[in-house]
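Asks: Below you'll find the structure I mean.
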Amino acid sequence: MQRRNILLIAAATLPLSGCTILGGEEAPALPKPSLERCAPDELNAEQQARQNEVDRFLATWYQESGWVILATKQTRSCDVIDYLDPASVPGSEIEAPPDPVYELPPEVMAQGTEIDDDYDAQGLAWSVPVIRPRFAPYVFGEVPAASLSAFIRQTVPGAPGSSARLYAGVALPVQNTGARTFVNPYDGKVDAFGTNILEMAILCPGPDRDKTLDMVGVMASRDRANFELTVPSTRLQVEFLTAGDRAIGPGIGGIEGAVMKAGVYIGQKTTGFIGRAGAPYAPGAVLTPVSTVGGAIYESRFEIQLFGGNWWIAHNGNWLGYYPREGLDQIEFSACEAHWYGEVRDRNTETWDVTDMGSGEFAAEGLGRAAHFRLPQYLDAFAAPQWPDAALPSEPNNPLCYTSSGLQDESATLGPQFQRILYVGGPGGDSPGCTYP
């Protein structure tokens, strides 16, 4: 069997780690991790055929994008990370915004990622990390789709005001150049095909929200619709939309890792997330530890900022990359809304499922029991932070399912780091009377 060469490393060709047979043809495959920590999934014939399709899709994507892999590692949660040569990722070395400066109050602790203290999963300090998508719901046939491309088109983004979802949070119609917050994820349960996310987003709906909505968002996500089959990890995710929340695909919109990032797709240049050279981890990383009800409180810091004409995203002070303004015509120079919210998606709205929002506790339970957004702010036209005190409730909402406290000032009892805090949460279908409005 003749091997094909797909990626260049240090001016030499990197041979494929192997070939698979798909439809009687050799299919390219990306290299295996230098240290394999997880055994391959046991697949039946149909599942293996879909896995071959995924392998072929990813290898072709990398090849057409011109990405150069310097190292491939595997995390303890079995994620495969490719560390790319920045020279092969156009735009990865441009100037980022100044590093965010902040401190945590004594009541909370910093939430990190599983890569932070795992030397064996880390790559070269100046490379561009990419978490290789698994597309597990498609491979295992849990989400029916005729092809991988069809599965990608039907992936479920997070987006304010979308169908088959319930929300709890706040939204502010205001011109802005970004937003920031501390967010407090929990390990709340997620029903099959559901999502439990805590998201901050900036957007403009345009003249026709269903077709012209542009959005950039960052979230703590527990997702069984797009990524994982059973008990999901809590992950850091980023996403964008360019033509409403139903237009999903490479360069069009979706969650990074559910649709691939910028590059060339079937010969056509696309827009999407551009990873930053030197970022310590990539979107999709597992967040750890997570808070538990009545236990330790862990927070992540989210930032979205328009800088140099691009929408940058940071986690815990690390600028991970950006969405270029090309293709984001509604938010090319500023956004017109800022949102902080919990969102739960149910595939069947006739009987609302038992997916938790946040911890599964209602907002009234407060600090240490309900999920929260602390110090939510938007950036005005001069990038100065402002309180969203005129914010409106996120919709649609059913308070028998999930609740929001609205913005509260708890600085009198907890200090200046609690000048604004927003609690969200609830048990969904476990609560009597919970239905979709």
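Sequential numbering from 1 applies to the sequence shown in the numbering used here.
Virtual Cβ for every residue (Gly too), placed ideally from N, Cα, C.
I'd like to confirm the pairing. Which residues does DSSP put opposite G406 in its beta bridges?
Replies: Answer is none; G406 lacks a bridge partner.
Asks: With 16 other CB atoms within 10 Å as the buried threshold, where does R348 fall?
Replies: Inspection of the sequence shows that residue 348 is occupied by Asn rather than by Arg. Result: exposed.
Asks: What did DSSP end up calling I115 once you bin it into helix, strand or coil?
Replies: coil
Asks: Are the segment 356-375 and the segment 232-242 touching by the rule of at least three beta carbon pairs closer than 8 angstroms?
Replies: The segment 356-375 makes no contact with the segment 232-242, as fewer than three CB pairs between them are under 8 angstroms.
Asks: Nearest-angstrom Cα distance between G123 and A150?
Replies: 33 angstroms
Asks: Between the segment 40-56 and the segment 82-89, can you find at least three pairs of beta-carbon atoms closer than 8 angstroms?
Replies: no
Asks: On the DSSP bridge list, what partners appear for R374?
Replies: Answer is F182, I421.
Asks: Under 9 angstroms, do D116 and P280 count as touching if we go by C-beta distance?
Replies: yes
Asks: Leaving out the 5 sequence neighbours to the left and right, which residues in its chain are closer than 7 angstroms to A391 when beta-carbon positions are compared?
Replies: V170, A171, L172, L407
Asks: When the Cα atoms are used, what is the spatial distance from P137 to Q51?
Replies: 11 angstroms
Asks: Just to confirm before moving on: does the CB-CB distance between D346 and R165 stay below 9 angstroms?
Replies: In terms of Cβ geometry, D346 and R165 form a close pair [threshold 9 angstroms].
Asks: How many angstroms separate the CA atom of A168 from the CA atom of S127?
Replies: Per the coordinates, the alpha-carbon of A168 lies some 38 angstroms from the alpha-carbon of S127.
Asks: Once DSSP output is grouped into helix, strand and coil, what is the label at D329?
Replies: helix
Asks: Which ranges does the alpha helix (DSSP H) cover as unbroken runs of at least 4 residues, wholly within the segment 206-290, from first to last along the chain?
Replies: 209-212
Asks: Would you report the Cα separation of N184 and E299, rounded to the nearest angstrom?
Replies: 5 angstroms
Asks: With 16 other CB atoms within 10 Å as the buried threshold, where does E350 fall?
Replies: exposed
Asks: Can you give me the start and stop residues for the alpha helix (DSSP H) that P137 sits inside?
Replies: 136-139
Asks: Relative to the C-alpha of L422, which candidate in S334, M200, H315, E114 has its C-alpha closest?
Replies: M200
Asks: Output needed for T75: all residues of its chain with C-beta closer than 6 angstroms, excluding positions within five of it in sequence on either side, in chain order.
Replies: E114, A121
Asks: Which residues mark the beginning and the end of the alpha helix (DSSP H) in which T60 is found?
Replies: 45-65
Asks: What are the boundary residues of the beta strand (DSSP E) that L306 is part of?
Replies: 298-307
Asks: Using a Cβ-Cβ cutoff of less than 7 angstroms, which residues in the same chain neighbour E103 once the five nearest sequence positions on both sides are dropped?
Replies: none
Asks: Contact defined as beta carbons within less than 8 angstroms: I believe K343 pairs with C204. What is the distance between those atoms, to the nearest angstrom?
Replies: The sequence shown places Glu at residue 343, rather than the Lys named in the question. About 19 angstroms; that fails the 8 angstroms criterion.
Asks: Can you tell me whether P31 is buried or exposed, with buried defined as 16 or more other CB within 10 angstroms of its CB?
Replies: buried
Asks: Considering only the beta carbon of each residue, do G244 and T212 sit closer than 9 angstroms?
Replies: Yes, these two residues count as a Cβ contact at 9 angstroms.
Asks: Hey, would you say D389 sits closer than 9 angstroms to Y186, going by beta carbons?
Replies: Against a cut-off of 9 angstroms, the Cβ pair of Y186 and D389 comes out as no contact.
Asks: Identify the continuous beta strand (DSSP E) that holds T355 and give its terminal residues.
Replies: Here T355 belongs to no beta strand (DSSP E), and DSSP marks it neither H nor E.
Asks: Taking R180 as the reference, which of G112, W311, R224, D41 has the closest Cα?
Replies: Ranking the options by Cα distance to R180, first place goes to W311.
Asks: Based on the DSSP output, what are the partners of Y323 in its beta bridges?
Replies: W311
Asks: Work out the CA separation of L367 and D440 for me, nearest whole Å.
Replies: In the structure as shown, the chain begins at 1 and stops at 437. Residue 440 is therefore absent and cannot be evaluated.
Asks: Give the straight-line distance between the Cα atoms of V143 and D41, rounded to the nearest whole angstrom.
Replies: 17 angstroms
Asks: On the CB-based measure, 16 or more other CB atoms within 10 Å of its CB, does D210 come out buried or exposed?
Replies: By the Cβ neighbour-count rule, D210 is exposed, with fewer than 16 other Cβ atoms within 10 Å of its own.
Asks: Could you check if M219 is buried or exposed, using at least 16 other CB atoms within 10 Å of its CB as the buried criterion?
Replies: Around the beta-carbon of M219, 16 or more other beta-carbon atoms lie within 10 Å, marking it buried.
Asks: How would you label G317, buried or exposed, when you count the other beta carbons within 10 angstroms and need 16 or more for buried?
Replies: Answer is exposed; the Cβ neighbour count stays below 16.
Asks: Residues in its own chain within less than 8 angstroms of V290 by CB, not counting five upstream and five downstream?
Replies: So the list reads Q111, P185, Y186, D187, T234, Y298, once near-sequence residues are dropped.
Asks: Per DSSP, what kind of secondary structure is D82 in: helix, strand or coil?
Replies: strand
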